[in-house]
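Shown next, in structure tokens, is the structure this report addresses.
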Amino acid sequence: MDSHPPPTPSLDSLGVLADASARAPHTLELASRHLDSSLVDVLGILGFDESYVSARGSYLYDAAGRAYLDFHTGEGFASLGHNHPGVREVLQAVLAADLIDGVQIHYSPLAGMLAEALSQLLPEGLDAVFFASTGAEAVDSAMKFARAASGRPRLLSCDSGFHGVTLGPLSLVGDEFFKEGFGPLLPGCARVRFGDLERLEAELAAKDVAAFILEPIQGRMVTLPPPGYLHAAQELCRRYGTLFVLDEIQTGLGRTGSWFALEQWDLQPDFVLVGKALSGGYMPVAAMVTRREIFQKAVGTLERSYVHQSTYGRNRLSMAAGLATLRIIERDRLLEHVAHVGAIMRDGLTELQTRYEMIKEVRASGMMIGIELGAPSTRVARINWRLIHMASEGLFPQLIVIPLHRDHGVITMAAGKNDVIKFLPPLTLSESEAGSFLEALDAVLAECHTSSSRNLAVVRDIATTTMRRRARAKLK
Ligand SMILES: Cc1ncc(COP(=O)(O)O)c(C=O)c1O
């Protein structure tokens with residue numbers, strides 16, 4: 035693996051970087067005090083409490099210079115790899131040009147160019163764009179525009195879907211544990227099972243649903259749509275006058291081997307939502323793309339021209355990062371690359387599945403990949419499996435995630451309260467990096483399948499501690 039961290043950065047005259055460097059050893063203490071202390075606790079329990087100090091390409095580096103292969107990339111935020119020099123060059127040039135930001139009466143050519151470029155990559159007619167800073171804001175915009183354009187109140191989404199955690203998108207999210215304690219959420223939101231056309235039609239038939247909002251491939255557990263589902267769902271939406279909204283915030287911009295996943299099924303949605311990778315790994319930027327006619331119906335009068343705005347939405351650095359990202363994907367032929375290296379990964383994982391019973395299923399589209407773990411067959415292993423699940427849904431995959439990180443320097447993620455591990459490497463991942471990952475996973479799986487597995491002991495300890503803590507909390 036690459037063991038050459040980036041050079042030490044040059045310092046600024048206000049001392050910001052020098053201070054950050056001096057305080058680096060206390061990063062987590064600082065985070066615990068002023069940011070999200072429970073997340074810091076979780077990182078500690080799982081052994082992910084290293085402080086990474088720099089990043090480049092497919093790797094993060096800790097203070098000792100150890101390289102960690104990043105198969106998480108902020109769920110696809112750093113799709114071009116970390117600190118891509120091509121995006122940086124554009125950002126530096128834009129900063130040096132003293133352009134204008136934060137003036138609502140001003141449009142920069144950068145925003146128009148990025149909107150034009152996105153619309154050229156999407157099915158014909160999707161040519162009206164609203165820029166936002168986060169994926170959730172793009173989803174929220176589509177929820178508002180769909181209601182305003184259709185004059186209908188209801189919004190429909192899918193079980194297990196994910197669309198962000200601000201109050202609007204959270205009302206669409208398919209897993210209840212994200213919502214506990216935050217209600218009441220938006221009225222008029224309902225869900226159907228991903229893949230269930232009968233239920234979908236039953237909901238749409240009342241003709242009061244403004245939009246059906248879904249991910250073409252569900253990101254949380256990498257759930258692929260059943261054959262024919264997306265096309266049929268789109269047809270049902272057309273039949274009952276419901277707008278068909280594809281959330282491609284995770285699947286878009288090369289992740290599945292095409293510009294957008296919708297190309298795989300030749301879909302013609304009314305809205306496409308883009309985010310994450312559009313950042314180039316640097317800037318917050320997301321977009322809601324729709325048809326001009328819908329845009330106009332929603333906010334297209336002089337009186338309504340200011341009702342849907344966002345201070346940072348069209349800022350120059352975000353627009354420049356988006357443009358640089360699209361040009362790099364095109365110039366470096368990353369779509370072909372993703373298809374090629376993604377297939378190597380999928381084949382490698384399928385081969386591991388033939389040797390290790392722990393892998394129940396491999397699900398992949400390009401470089402959006404998940405493996406689902408299954409219950410072991412031997413009696414003792416099954417008891418451990420049950421104990422770990424009793425302690426916490428979502429703990430079992432740590433059996434793989436923790437040693438991949440600790441022993442092999444590979445960062446992956448468990449997908450939540452289930453037995454899925456997700457792999458979202460940079461789209462620039464090389465064949466040899468894919469090979470290193472498969473070798474590491476092979477070694478971890480081999481260890482986990484032994485009767486005296488140290489990995490199993492570690493996760494069993496976490497399970498017992500969790501149960502003890504829970505019992506103590508109940509007694510209080
Ligand atoms: C499909 C999808 N939609 C929306 C979002 C929300 O994006 P953000 O975190 O930028 O608000 C995410 C984030 O993971 C996502 O995966």
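One rule links them: number in my numbering = place in the sequence shown (from 1) + 34. Backbone N, C-alpha and C define an ideal beta-carbon position, used for all residues, glycine too.
Test item: CB-CB of residue i and residue j under 9 Å
i: I455; j: P431; result: yes
i: T257; j: R413; result: no
i: M402; j: V375; result: no
i: L301; j: L280; result: yes
i: T498; j: A425; result: yes
i: V124; j: A358; result: yes
i: L283; j: G169; result: Residue identity check: residue 283 is Ile in the sequence provided, not Leu. Contact flag set, yes.
i: I362; j: G99; result: no
i: D193; j: D174; result: no
i: M255; j: G404; result: yes
i: G315; j: T107; result: yes
i: S352; j: M317; result: yes
i: L155; j: L360; result: yes
i: I422; j: R326; result: no
i: L144; j: R348; result: yes
i: L48; j: R57; result: no
i: P259; j: G217; result: no
i: S142; j: R350; result: yes
Member of the options whose CA lies at the smallest distance from the CA of residue i
i: D242; options: P43, T285 and S184; result: S184
i: E370; options: I251, S411 and S464; result: S464
i: E427; options: R389, L407 and I362; result: L407
i: F82; options: R440, M322 and D135; result: R440
i: M147; options: V226, Y86, A474 and A354; result: A354
i: T462; options: V124, M255, T290 and D381; result: T290
i: L62; options: S55, L51, A54 and V74; result: V74
i: E235; options: T276, I251 and S411; result: T276
i: S339; options: G108, G347, F329 and Y346; result: F329
i: Y95; options: H68, I79 and I445; result: I445
i: L429; options: E84, S167, R350 and I496; result: I496
i: H442; options: P261, V173 and E467; result: E467
i: G222; options: M255, K178 and Q343; result: K178
i: E473; options: S399, G382 and P459; result: G382
i: T388; options: R227, A480, G115 and A54; result: A480
i: D161; options: F305, L351 and S47; result: F305
i: L114; options: L458, K508, V493 and K510; result: L458
i: A101; options: A130, F471, E327 and K508; result: F471
i: V137; options: G450, L51, S344 and A332; result: S344
i: V372; options: A166, P460 and T500; result: P460
i: Y346; options: A332, E297 and S167; result: S167
i: H38; options: L368, G450 and L103; result: L103
i: N117; options: I134, D366 and Y93; result: Y93
i: L231; options: C271, D453, D135 and M379; result: C271
i: R367; options: V333, G288 and R504; result: G288
i: S292; options: K451, A151, H68 and E364; result: E364
i: A182; options: V333, F105 and G450; result: V333
Proximal residues to residue i (C-beta, below 6 Å), its chain only, five neighbours per side dropped
i: G286; result: F294 and V308
i: A97; result: V87
i: S44; result: none
i: D516; result: Beyond the ends of the chain as shown, which are 35 and 510, falls residue 516; an answer cannot be given.
i: P40; result: S88 and R90
i: A180; result: A244, A245 and L277
i: A54; result: none
Chain-order list of residues whose beta-carbon lies under 7 Å from that of residue i (same chain, five-residue window excluded)
i: A224; result: R188, L190 and E237
i: A149; result: V163
i: L490; result: N418, L433 and C482
i: L264; result: P250, W299 and L301
i: D476; result: L386
i: A409; result: R416 and W419
i: V492; result: I436
i: A507; result: none
i: P80; result: For the sequence presented, residue 80 should be read as Leu rather than Pro. Excluding residues within five positions, the ones whose Cβ falls inside 7 Å are Q432 and I436.
i: T324; result: L160, A162, F179, D304 and F305
Residue i: CB within 8 Å of a non-hydrogen atom of ligand 3
i: K310; result: The model on display carries ligand 1 but not ligand 3.
Residues near residue i by beta carbon distance below 8 Å, same chain, minus five either side
i: Q268; result: F278, L301, Q302 and P303
i: L219; result: L201, L204, S205 and K213
i: K510; result: none
i: R227; result: C192, D193 and R233
i: M501; result: M424 and A425
Closer than 9 Å to chain B by CB, residue i
i: F246; result: Absent from the structure: chain B. Only one protein chain is present.
Inset, instruction - List in chain order: all unbroken alpha helix (DSSP H) runs of 4+ residues lying wholly within the region 395–427. - result: For the alpha helix (DSSP H) assignment, the uninterrupted runs of no fewer than 4 residues enclosed by the region 395–427 are, from N- to C-terminal side, 413–425.
Inset, instruction - Report the residue ranges of all alpha helix (DSSP H) runs contained in full by the region 188–238; include only those spanning at least 4 residues, in chain order. - result: Restricting attention to alpha helix (DSSP H) runs no shorter than 4 residues, the region 188–238 encloses them at 201–204 and 231–238, ordered along the chain.
Inset, instruction - Identify every run of the alpha helix (DSSP H) within the region 230–317, keeping only runs that are complete inside it and at least 4 residues long; order them along the chain. - result: As far as the region 230–317 is concerned, its whole alpha helix (DSSP H) runs of at least 4 residues are 231–238 and 263–274.
Inset, instruction - Any chance you could list the beta strand (DSSP E) runs of at least 3 consecutive residues sitting entirely within the region 152–176, in chain order? - result: Counting only runs of 3 or more, we get 160–166.
Legend entry - Unbroken stretches of the beta strand (DSSP E), 3 residues or longer, contained in the region 436–479: Runs of the beta strand (DSSP E) spanning 3 or more residues and lying entirely within the region 436–479 occur at 454–457, in chain order.
Legend entry - Completely contained alpha helix (DSSP H) runs for the region 41–70, where each covers 4 or more residues: As for any alpha helix (DSSP H) of minimum length 4 sitting wholly inside the region 41–70, the runs are 50–57 and 61–68, ordered along the chain.
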